[in-house]
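Protein chains in written order, with my numbering: chain W, 26 to 161; chain U, 897 to 1035.
Each residue gets a CB set at the ideal place from its N, CA and C atoms; glycine is no exception.
Working notes, structure below.
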Amino acid sequence: MPRLSIWFIRSALTYLVLGFTLGALLLFNKGFPFYPFLWGLLPSHVEFVLFGWTVQLVMGMAFWILPRFSKSPFRGNEKLAWGTFILINVGIWLHVLGTIGSGSQWLVLTGRVAEALGIVVFAVYLWPRIKGVGAP
Amino acid sequence: MPPLTRWFLKSSLLFFILSVLFGLLLAVQTPLKLPASIVAFSPVYFHLFMVGWVAQLIFGVVFWMFPKYSKEKPRGSELLGWIVFGLLNVGLALRVIAEPAQALNPALVWSWLLAVSAVMQWLAGMIFVANTWGRVKER
Ligand code: HEM
Chain W
26 MPRLSIWFIR SALTYLVLGF TLGALLLFNK GFPFYPFLWG LLPSHVEFVL
76 FGWTVQLVMG MAFWILPRFS KSPFRGNEKL AWGTFILINV GIWLHVLGTI
126 GSGSQWLVLT GRVAEALGIV VFAVYLWPRI KGVGAP
Chain U
897 MPPLTRWFLK SSLLFFILSV LFGLLLAVQT PLKLPASIVA FSPVYFHLFM
947 VGWVAQLIFG VVFWMFPKYS KEKPRGSELL GWIVFGLLNV GLALRVIAEP
997 AQALNPALVW SWLLAVSAVM QWLAGMIFVA NTWGRVKER
């Protein structure tokens, strides 16, 4: 698999660890409440498992296996897809930082904007690769 | 496709169906004047969807299609793969029972089932990552 897919997927697996760990703590805490502060980490759980794990895994797979072009660069403008990788990851952490402790709506908003931009850039990048296998 | 992948995929389809049935139940709550307390099913609904269906589908396809770990062990440890399958499915099933039960009628047995469910799903995730990491590579 190509380098960027390795980055997307290793990053996704790392967020799976973080997200499942928070989820398990929350679920355990529903059975035996031991640390009420955990509820404050619910938005981080959601951010890690949705954007961190699921979205990045799918993006890494798409970058890897969708049809390539017949001429170099075979995967199109890879810089765009790298941009998505950075925007999504920065967005996740801004969002998470904005929701823990006293929080900041501005961090949350900036994080959301970064994620949204990352997704738009990815759609623009991927669009021409959605084609027949033999097509140029 | 390897047998473990078939189990993951078939189980993921069953969870998908179960998930939308819970979704349906939540949707008919108001029109059928069901007790408001069934909103306690809402976390079960979207975890059946995202863990039972989406994550499990991903686990199965990853096990099948990722680059080979090595010549002798192309798919990493098959045994660990089966352990992940067991932990994830039993862990999630326990949640489906215990989480609404705890919300509707708290009891020590539900607390324990929630704790066991949490540990099982957590282990499933960690073992999946450990068994997959070495296959995320160029070829
Ligand atoms: C792909 C994996 C997962 C996804 C996409 C996911 C998604 C979510 C979402 C969107 C919520 C927000 C609920 C809300 O705002 O009310 C949530 C809550 C929660 N999640 Fe997960 N989750 C995942 C895995 C897990 C796992 C593995 C566990 C436990 C082992 C877990 C435990 C919880 C708990 C305890 C809550 C709080 C439920 C409540 O509101 O009472 N999650 N999750």
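- Residues of chain U whose Cβ lies closer than 8 Å to the Cβ of W:Ile31 are, in chain order, Val1032, Lys1033, Glu1034.
- Comparing alpha-carbon positions, the option among U:Glu1034, U:Leu975, U:Ala1014, U:Pro931 lying closest to W:Phe45 turns out to be U:Ala1014.
- Closest in C-alpha terms to W:Glu103, from the list W:Phe147, W:Arg35, W:Gly157, comes W:Phe147.
- Between the alpha carbons of U:Phe959 and W:Trp64 lies a gap of roughly 33 Å.
- Between the region 926-943 of chain U and the region 59-73 of chain W there are fewer than three inter-stretch CB-CB distances shorter than 8 Å, so the stretches are not counted as touching.
- Residues of chain W with a Cβ closer than 7 Å to the Cβ of U:Thr1028 are, in chain order, Leu38.
- Within 10 angstroms of the beta-carbon of W:Gly128 lie fewer than 16 other beta-carbons, which makes it exposed.
- A residue is called buried when at least 16 other Cβ atoms come within 10 angstroms of its Cβ; W:Met86 meets this threshold and is buried.
- Residue-level contact by beta carbon fails for W:Ala148 and chain U, as no gap is shorter than 8 Å.
- Between U:Gly987 and U:Met961, the CB-CB gap reaches or exceeds 8 Å.
- In the three-state reduction of the DSSP assignment, U:Gln1017 falls in the helix class, which pools H, G and I.
- Linking W:Pro92 to W:Gly101 through their CA atoms gives a straight-line distance of about 11 Å.
- With contacts defined by Cβ atoms closer than 8 Å, U:Ile993 and U:Leu1004 do not form a contacting pair.
- Put simply, the CB of U:Leu1010 is near chain W, with a gap under 8 Å to one of its CB atoms.
- Interface annotation for the region 84-115 of chain W against chain U: Gly85, Met86, Ile90, criterion Cβ-Cβ distance under 9 Å.
- At least one CB atom of chain W sits nearer than 8 Å to the CB of U:Pro963.
- The Cβ atoms of W:Gly48 and U:Ala1011 lie no closer than 8 Å to each other.
- At least one heavy atom of the ligand HEM sits closer than 7 Å to the Cβ of U:His943.
- Interface residue (Cβ-Cβ distance to chain U less than 8 Å): W:Leu66 is not classified as such.
- Linking W:Gly116 to U:Ser1007 through their CA atoms gives a straight-line distance of about 35 Å.
- W:Trp89 places its beta carbon less than 8 Å from that of W:Pro27.
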